[in-house]
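Trainee: The opening residue of the sequence shown carries number 87 in the working numbering; numbering runs sequentially from there. We put the CB at the ideal spot given by N, CA and C, even for glycine.
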Amino acid sequence: MSDRENHQNDVASPTHRVRHVLGLSGGKDSAALALFMRDRVPEMEYFFCDTGYELPETYEYIERLEAFLGKPIVRLNPTRDFDHWLKVYNGYLPSQRMRWCTRMLKLKPFEEFVGDDPTFTYIAIRADEDRDGYLSTKPNITPVYPFRDHGITKEDVMRILHEHGLGLPSYYSWRTRSGCYFCFFQRKIEWLGLKQHHPELFERAKLYEKVDEETGARYTWSQDESLNELERPERAAEIVRKHELEIAKARCRNPSERLFHIFSDSVDDEQDLRPCLICDL
């Protein structure tokens with residue numbers, strides 16, 4: 087008997103059906119996991135937590151993936167939007183120290199979707215990653231890590247996407263992760279990428295930034311500068327120079343490495359912060 091069947095026997099009850107769910111972020115890892123599990127767990131339910139603030143490329147990728155899976159991807163929408171919760175949190179923009187956006191716009195809709203049913207949620211943490219963690223503390227939700235169990239690495243993920251003909255989301259040419267267009271985990275170079283590829287979204291993101299004239303408190307997406315400061319020509323040029331230098335160094339270390347890997351693994355002047363699992367995978 088498999089581990090999955092053992093888990094089913096442990097959590098099944100006469101009043102609840104056992105469910106298998108897989109969340110899609112619009113990123114490469116969760117897409118590859120969906121393709122990997124498609125025939126292994128035919129009863130799988132696929133879902134996408136749609137905040138309404140995702141990149142256009144993310145929506146396009148989700149639609150393409152839906153066709154490849156041959157079954158619907160359920161769109162989960164929060165009952166209250168980002169602007170509502172921003173007021174609740176007194177205008178305090180989400181940050182790595184207060185990730186209320188993930189909790190209210192993605193985790194809460196996910197837990198409502200699952201309800202009280204015994205549920206296995208399949209998470210795309212790879213075998214070559216050292217991070218851990220889970221998305222919910224509800225006792226009826228059990229995490230499953232197929233990539234770890236099968237030794238699937240980043241190279242394997244790329245192979246899965248290539249073999250199925252899906253490929254990568256188009257935003258990977260300028261951004262390393264999925265998530266809202268104003269995600270505070272973006273690197274400086276990615277903010278400039280947003281300005282280049284979606285200038286209207288960059289301008290919308292700027293509107294959320296505030297300075298309290300009485301206290302001097304700054305509410306900005308980046309801790310050390312506003313988007314107005316970041317987009318100044320001299321500052322933007324500095325960010326581009328530093329990024330190109332990191333790319334060049336990475337290429338020298340491994341000349342055969344593909345550009346996507348070099349870009350996604352490069353490090354600039356910011357902390358190497360890990361985004362929330364439900365947003366990023």
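Determine the direct distance from the alpha carbon of Arg-339 to that of Ser-111, and round the result to whole angstroms.
Mentor: Rounded to whole angstroms, Ser-111 to Arg-339 spans 31 Å at the Cα level.
Trainee: Out of Gly-109, Met-244 and Leu-172, point me to the one whose CA is closest to Glu-152's CA.
Mentor: Residue Gly-109 is the option with its Cα nearest to Glu-152.
Trainee: Using only alpha-carbon positions, find the residue among Gly-251, His-250 and Arg-273 that is nearest to Trp-260.
Mentor: For Trp-260, the nearest C-alpha among the options comes from Arg-273.
Trainee: Between Arg-126 and Val-160, what straight-line distance do the alpha-carbon atoms span, to the nearest angstrom?
Mentor: Their Cα atoms are separated by approximately 20 Å.
Trainee: For Arg-103, count the other beta carbons within 10 Å of its own beta carbon; 16 or more makes it buried, fewer makes it exposed. Which is it?
Mentor: Exposed.
Trainee: Classify Pro-319 as buried or exposed, calling it buried when 16 or more other Cβ atoms lie within 10 Å of its own Cβ.
Mentor: Classification for Pro-319: exposed.
Trainee: Name the residue from Lys-194, His-106, Met-244 and Glu-197 whose alpha carbon lies nearest to the alpha carbon of Asp-115.
Mentor: If we check each option's Cα against that of Asp-115, Met-244 comes out closest.
Trainee: Helix, strand or coil for Pro-158? Go by DSSP, reduced to three states.
Mentor: Note: Pro-158 maps to coil in three-state DSSP.
Trainee: I'd like the span of the beta strand (DSSP E) that includes Cys-338, first residue to last.
Mentor: Per DSSP, Cys-338 belongs to no beta strand (DSSP E); it is in the alpha helix (DSSP H), 319-339.
Trainee: For His-283, report the span of its beta strand (DSSP E) as first-last.
Mentor: His-283 -> not in any beta strand (DSSP E); alpha helix (DSSP H) instead, spanning 274-283.
Trainee: How would you label Leu-191, buried or exposed, when you count the other beta carbons within 10 angstroms and need 16 or more for buried?
Mentor: When all chains shown are included, Leu-191 counts as buried.
Trainee: To which residues of the same chain is Glu-241 closer than 8 Å at the C-beta, ignoring the five residues directly before and after it?
Mentor: Excluding sequence neighbours, Glu-241 sits near nothing in its chain.
Trainee: With a threshold of 8 Å on Cβ separation, who are the neighbours of Lys-224 within its own chain once the five nearest residues in sequence on each side are excluded?
Mentor: Answer for Lys-224: Glu-197 and Val-200, listed in chain order.
Trainee: Starting from Val-230, trace the alpha helix (DSSP H) both ways and give me its first and last residue.
Mentor: Premise fails: Val-230 lies in the beta strand (DSSP E), 227-230, not in any alpha helix (DSSP H).
Trainee: Roughly how many angstroms lie between the CA atoms of Lys-157 and Leu-121, to the nearest whole one?
Mentor: For Lys-157 and Leu-121, the distance between alpha carbons rounds to 12 Å.
Trainee: Evaluate contact between the stretch 139-154 and the stretch 249-260, counting only Cβ atoms and requiring at least three cross-stretch pairs below 8 Å.
Mentor: Yes, since at least three Cβ pairs between the stretch 139-154 and the stretch 249-260 fall closer than 8 Å, the two stretches touch.
Trainee: Here's the rule I'm using: 16 or more other beta-carbon atoms within 10 Å means buried, otherwise exposed. How should Ala-334 be labelled?
Mentor: Exposed, since its Cβ has fewer than 16 Cβ neighbours within 10 Å.
Trainee: Out of Glu-143, Pro-128 and Thr-306, which has the shortest C-alpha to C-alpha gap to Arg-105?
Mentor: Arg-105 has its Cα closest to that of Pro-128, out of Glu-143, Pro-128 and Thr-306.
Trainee: Just reading off the alpha helix (DSSP H) that Val-104 is part of, what are its end residues?
Mentor: Element bounds for Val-104: n/a, residue is neither H nor E.
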